[in-house]
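2 protein chains.
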Amino acid sequence: MASAAADASAGEESLRRALSEKQVEVDAQGSVVRELKASIASKDLISAAVEALSALKLEKASIEKRLQEIVSASNGGHQNKEAFRQAVVNTLERRLFYIPSFKIYRGVAGLYDYGPPGCAVKSNVLAFWRQHFVLEENMLEVDCPCVTPEVVLKASGHVDKFTDLMVKDEKTGTCYRADHLLKDFCKEKLEKDLTISTEKAAELKHVLAMLDDFSAEELGEKIKLYGITAPDTKNPLSDPYPFNLMFQTSIGPSGLSPGYMRPETAQGIFVNFKDLYYYNGNKLPFAAAQIGQAFRNEISPRQGLLRVREFTLAEIEHFVDPEEKSHPKFGEVAKLEFLMFPRELQVSGESAKRMVLGEAVSKGIVNNETLGYFIGRVYLFLTSLGIDKERLRFRQHLANEMAHYAADCWDAEIECSYGWIECVGIADRSAYDLRAHTEKSGVALVAHEKFAEPKEVEKLVIAPVKKELGLAFKGNQKMVVEALEAMDEKAAMEMKAELETKGEVEFQVCTLGKNVTIKKNMVAISKEKKKEHQRVFTPSVIEPSFGIGRIIYCLFEHSFYTRPSKAGDEQLNVFRFPPLVAPIKCTVFPLVQNEKYEEVAKRIAKSLTAAGISYKIDITGTSIGKRYARTDELGVPLAITVDETDSITIRERDSKKQVRVNVDEVASVVKKVMDGQSTWADVLWEYPSHHSASADE
Amino acid sequence: MASAAADASAGEESLRRALSEKQVEVDAQGSVVRELKASIASKDLISAAVEALSALKLEKASIEKRLQEIVSASNGGHQNKEAFRQAVVNTLERRLFYIPSFKIYRGVAGLYDYGPPGCAVKSNVLAFWRQHFVLEENMLEVDCPCVTPEVVLKASGHVDKFTDLMVKDEKTGTCYRADHLLKDFCKEKLEKDLTISTEKAAELKHVLAMLDDFSAEELGEKIKLYGITAPDTKNPLSDPYPFNLMFQTSIGPSGLSPGYMRPETAQGIFVNFKDLYYYNGNKLPFAAAQIGQAFRNEISPRQGLLRVREFTLAEIEHFVDPEEKSHPKFGEVAKLEFLMFPRELQVSGESAKRMVLGEAVSKGIVNNETLGYFIGRVYLFLTSLGIDKERLRFRQHLANEMAHYAADCWDAEIECSYGWIECVGIADRSAYDLRAHTEKSGVALVAHEKFAEPKEVEKLVIAPVKKELGLAFKGNQKMVVEALEAMDEKAAMEMKAELETKGEVEFQVCTLGKNVTIKKNMVAISKEKKKEHQRVFTPSVIEPSFGIGRIIYCLFEHSFYTRPSKAGDEQLNVFRFPPLVAPIKCTVFPLVQNEKYEEVAKRIAKSLTAAGISYKIDITGTSIGKRYARTDELGVPLAITVDETDSITIRERDSKKQVRVNVDEVASVVKKVMDGQSTWADVLWEYPSHHSASADE
């Protein structure tokens, strides 16, 4: 460890040297450019110089970044994850990024409020989501209610299957998630009991690996076997039984219409497929999107903001022809390279590795281009928000995790102090959802492909002769007819051949649980040629589904760092949010309490409002250093200090560098940086830098 | 009627003439300006000319507006409201502005989805709300869950009082709102029964006026008296009984924690008062805001989008010192003049009248400046969205409508085909909510005013002598002590005087329901001088609460108009949404299906996305006129028709005028108009106009 740290520090040293050399170069080049600019009117020459400089700046920025990574990695190695999390969470709660809901009434587990800065971060993330997905892809955004009638969630399978297995403390009635208790038991045993045998350890590890696959009976057996009791009271536990995680309610006054608070927003889109398809000119592919609240009545929520009972989902349902899943814009993301964790690597015990997205698709690791396109877009979305790309991976679902109907499924997982957390699921759900609602509602949720000219197709026709079947099977006739009609082409053609040669055939009817004898006169099987004018099919759906709260929590962790105060007596907290995400874009501080400065501060505030920039004004007499520290903790990128009446200083949060800017230009400078039209490096180059006693705080 | 129409048409004619004369002037002036611009380099001269021209343009616009009003008034006079509504609603449903939720399952009354254009309008309205209120006033926005534990809504009064009176069909069990049945009965009788006596008519009118004040018993009596039966079956009805309108659910798996879906977002703010006050530096006034879903389990929803079971609220809670309700920015809205409908005018049977807001406040018609400020801001908000200011009024609550604790309350009401609809409530709720939660939670939700120097105050001290009281009243002691301590200053000083003169006094203890005799040795009453360093008080709250769905529905009605197609054979639908609200900002049409044009269309589409402008591209071969009509119906302000490869035409929705613009400039022209930096009139002036066969469609 010590030697690794020494290596890192040697590496650091040489990088710092390289950096300072580069800085000398940059400065030299900068002065050349300034001279050029002053003496030469020709725009072409200046812009060439600017280009050269900006290339240098890019190099410098990437060296700086690498340096920071080394520093944070060596920090990270020593730092205790729990302590880090506690520092983040303390800052978040103290600065009201979030608040346990209904705190004055002692709160409710799994419910949180976003306070002012958290709410601003959330609305920035959602606005960017709309820009990045809905606007960019011309998606059809809809907004459906949370209250959902039972029939819809019966069709989707949630009423029957959206459950967790629960056990009850047999004396107090307190409820626990059965798998959590078993998991805790195994982990604790493995970590703390040094006396267990190798076989026992292997057994417990196997249990942990299989946890998600256990049935209620299997879970119950293990709990009995290990003598697991209620954590708080040590009382015996009930057998595990399923608890439906939907919040139930009743629609209308009669009490006869059960309803649920939706567990996801997707169903609202599926049930509208027909209208949306029409709205899109009856053309595929198209995507619909929805942002909204979803609900999950967790048995016993833990993991703070990561497992909550109410949360904001942003979901996309991209409808495609199952036979045509290429994507015209795939080329735009094909060259992206990032951590991927395909099924094979997981199974063979390897770790995630960097892959080029285009190759992952062409090698068939990712099922199709459209799925791949969304994986790439999700990567761009998350890293633009400030998620560290080294702690982001795309993990493919294992066979046992994936629903039987799904064609392929990848989770964007972000590493935080709780481990790797699923934040976005990107699944090819095939035609499952549309078929389920077609069946339950009787409304065909299908697409049509008109042929340029009619096609001749061969169709299998199975015609049971009901009279003969009725004579032979009486009350069972219906089941036999259904079984005959349900045969696939292969089975039907085999039966046809056998009937023709032998005159009869043994046929298994599952619904009767036995074989029956089918005779030649009981069914006519043939292939007929037909002209078809169109193909009618159920579209596949590719669904990227974003847990907004989880993304935001991981973003908080990835953005948080501490640095010593000027006096070195305390650690100050900073969130390095990019402008896109920052809850407040800048602060306005009169340096000292004086009417003239406050007047200027108000003028600036007004111009910021007019430019649509959120700001916070602080006219308290607190020291400027303290005021900077306060807003660094909110992740405010720029601070405007009014220290004269005609010009002011702007200070950047992470570098703590300052420039002087005229009062009239302030709003436009801030706006440019916030909109991404300029970088802070551009501003440093364009405006004179400023040094003051308070500047280095 | 005929003569009024003739008048209007004569008025129209002369206005049209004036208008065309003005147009000649404008054109002449325009060419002068263009000449000036071409020949004169001096910027000053040009800008003077531009000013003159823009003054003319304003004049022209106001004439046009007046003309439109006359036309729409004469239309309106003849048009049946029901037919108008049907035309609007048909268009809205056909173009998926909204969709009855879960339609394929035959829907659920009172639940609606916003389809793509509706959803875009909604998110534009909310974005503007954030800009106009939250950003402009530096409000603290929060985001709390919908699931709310019972204790919170018990404290707020919703568990006990958020009810409607319901009657049941005694045979089928179908439920109805009792007041609705009585209202329908009275209205129908008054409208259709020509035989009723004057006294009977007066009686029914009185019932209608008193409807909101009736108790369950009174409603029940009237229903019996008039022999009202179930509307569908004519079966007898049950007595009216209260039905709580909250959706109930259960939090967690135990079934022991009842919860509700919040009926408003305000409570989430109140319970966080302490933290928010701290976040604001322990200073008043400040406002918190929240946008979110709210729920109301209506007994039998009617009135389409106006009475729904789930809706989006945007609420502001502005906390002020009850002794200081002036507002520093009131001057900015004081000169606004609009329709107000104070209590006095309503009671005396007059109608709403135009008032200057500043005068309404100074005359005491509006209770205070802060309330007045928000009334003004709400007026600006609604009219910016496109609400017709002639069909918007602020109606003061009558004494019987207002909660007992409220200081004053005004509703922004918008007139639509259903009548005058409450869309925003602006109430001074005094200290009620914070007090209720203080009491229930035991956490003091108060503010502090530090005195510059300590103040000497005289405080009443009531010291019951518990030993004596215990001897005298035994088990009742506690009630007597509480009653003594609850005396106000006047009562206490009277008791003191009487005890000193007579030695004993009769004292009413409400909780015991009787008088008791208090003797001199049982209580010590005195006034003590104390030094106080601060004043502790419960802030008042002023609450503007916006029903976003209702505002949007009224906006749909106010924006809708029809005009004949070019051939005159059909009426085409148009929504005249301002750019701020329009669901899609522009459309892109290649004039004919051809590869070159489609290439240009795609290039333009890309530049629009980069500029953050939403658009719809239509490459079908449909006639350009039909394509215009389709997007007019979605309220798209601008249409870009690709009819050449280097320049295109832009057509404005309402005037149907067209200009030619270079392909490279298209996105920036559209963006300027959408952001409000330019008007369409500016564009008309700056770019050559375009006439084509298809232009006037």
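Line order of the protein sequences matches chains Z and P. Residues in the first sequence are numbered consecutively from 1, following the numbering used here. Residues in the second sequence are numbered consecutively from 698, following the numbering used here. Note that beta-carbon positions come from the ideal geometry of N, C-alpha and C, so glycine has one too.
{"query": "Going by DSSP in three states, Met-479(Z) sits in which element: helix, strand or coil?", "result": "helix"}
{"query": "Looking only at C-alpha atoms, which of Gln-987(P), Pro-960(P), Glu-961(P) sits nearest to Leu-973(P)?", "result": "Gln-987(P)"}
{"query": "Here's the rule I'm using: 16 or more other beta-carbon atoms within 10 Å means buried, otherwise exposed. How should Ser-689(Z) be labelled?", "result": "exposed"}
{"query": "Anything in chain Z within Cβ reach of Asn-994(P), meaning under 9 Å, just list it in chain order.", "result": "Val-147, Thr-249, Ser-250, Ile-251, Gly-252, Pro-253"}
{"query": "Please state if the CB of Ile-1245(P) and the CB of Leu-823(P) are separated by a distance shorter than 8 Å.", "result": "yes"}
{"query": "Taking a contact to mean a Cβ-Cβ separation below 8 Å, would you say Leu-1036(P) touches Leu-1089(P) in this structure?", "result": "yes"}
{"query": "Between Ser-101(Z) and chain P, is any beta-carbon pair separated by less than 8 Å?", "result": "yes"}
{"query": "Specify the secondary structure class of Trp-1377(P) as computed by DSSP and reduced to three states.", "result": "helix"}
{"query": "Mind checking if Ser-1311(P) is an interface residue toward chain Z, Cβ cutoff 8 Å exclusive?", "result": "yes"}
{"query": "Hey, out of Thr-198(Z), Val-581(Z), Lys-596(Z), whose CA is closest to Thr-645(Z)'s CA?", "result": "Lys-596(Z)"}
{"query": "For Ser-1256(P), name the three-state secondary structure that DSSP assigns.", "result": "helix"}
{"query": "Have a look at Arg-1040(P) and Lys-1022(P) and give me their C-alpha separation to the nearest angstrom.", "result": "21 Å"}
{"query": "Just to confirm, are His-829(P) and Asp-1085(P) a CB contact at a threshold of 8 Å?", "result": "no"}
{"query": "Is Val-1339(P) near Leu-1288(P), with beta carbons less than 8 Å apart?", "result": "yes"}
{"query": "Can you pull the DSSP bridge partners for Gly-854(P)?", "result": "Answer is none; Gly-854(P) lacks a bridge partner."}
{"query": "Flag this pair as yes or no: are the beta carbons of Phe-575(Z) and Phe-560(Z) separated by less than 8 Å?", "result": "yes"}
{"query": "Counting only C-beta atoms, is Lys-122(Z) closer than 8 Å to chain P at any point?", "result": "yes"}
{"query": "Within 10 Å of its beta-carbon, does His-855(P) have 16 or more other beta-carbons around it, so buried, or fewer, so exposed?", "result": "buried"}
{"query": "Please name the residues in the region 164 to 189 of chain Z whose beta-carbon is closer than 7 Å to at least one beta-carbon of chain P, in chain order.", "result": "Met-166, Gly-173, Cys-175"}
{"query": "Just the Cα atoms here: how many angstroms apart are Asn-75(Z) and Ala-567(Z)?", "result": "Bear in mind that the predicted position of Asn-75(Z) carries a pLDDT of just 47, short of 50, making it unreliable; the figure below should be weighed with that in mind. Asn-75(Z) and Ala-567(Z): Cα-Cα distance of roughly 21 Å."}
{"query": "How about Asn-235(Z): is its C-beta nearer than 8 Å to some C-beta of chain P?", "result": "no"}
{"query": "Could you tell me whether the Cβ of Gly-660(P) comes closer than 8 Å to any Cβ of chain Z?", "result": "Outside the displayed range of chain P (698 to 1394) lies residue 660(P), so it cannot be described from this structure."}
{"query": "Counting only runs that start and end within the region 611 to 635 of chain Z, where is the alpha helix (DSSP H) found for 4 or more residues in a row?", "result": "624 to 632"}
{"query": "Would you mind sorting Met-1(Z) into buried or exposed? The rule is 16 or more other CB atoms within 10 Å of its CB.", "result": "For Met-1(Z), the predicted structure reports a pLDDT of 42, less than 50, and the residue's modelled location is therefore unreliable. The matter cannot be settled from this model."}
{"query": "Cα separation between Glu-710(P) and Ser-717(P)?", "result": "11 Å"}
{"query": "Measure the C-alpha to C-alpha separation of Pro-814(P) and Ala-155(Z) and round it to an integer number of angstroms.", "result": "28 Å"}
{"query": "Between the region 608 to 634 of chain Z and chain P, which residues of the former have a C-beta closer than 9 Å to a C-beta of the latter?", "result": "Thr-609, Gly-612, Ile-613, Ser-614, Tyr-615, Lys-616, Ile-617, Asp-618, Thr-620"}
{"query": "Rounding to the nearest angstrom, what Cα-Cα distance links Thr-198(Z) and Glu-191(Z) in this structure?", "result": "13 Å"}
{"query": "Beta-carbon of Gln-720(P) versus every beta-carbon of chain B: anything under 8 Å?", "result": "Annotation note: the requested chain B is absent from the structure, which comprises protein chains Z and P."}
{"query": "Touch check for the region 1123 to 1140 of chain P and the region 1150 to 1159 of chain P: three-plus C-beta pairs under 8 Å?", "result": "no"}
{"query": "Run through the region 130 to 208 of chain Z for me and flag every whole beta strand (DSSP E) of 3 or more residues, listed as ranges in chain order.", "result": "147 to 149, 163 to 168, 175 to 177"}
{"query": "Please classify Asn-787(P): is it buried, with 16 or more other beta-carbons within 10 angstroms of its beta-carbon, or exposed?", "result": "exposed"}
{"query": "Of the choices Thr-249(Z), Gln-248(Z), Tyr-226(Z), Leu-219(Z), whose alpha-carbon is the least far from that of Pro-240(Z)?", "result": "Leu-219(Z)"}
{"query": "Let me see if you follow: with CB-CB separation under 8 Å, is His-1134(P) close to chain Z or not?", "result": "yes"}
{"query": "Can you tell me which of the three DSSP states Glu-1341(P) falls into?", "result": "coil"}
{"query": "To the nearest angstrom, report how far apart Arg-874(P) and Leu-905(P) are at their CA atoms.", "result": "15 Å"}
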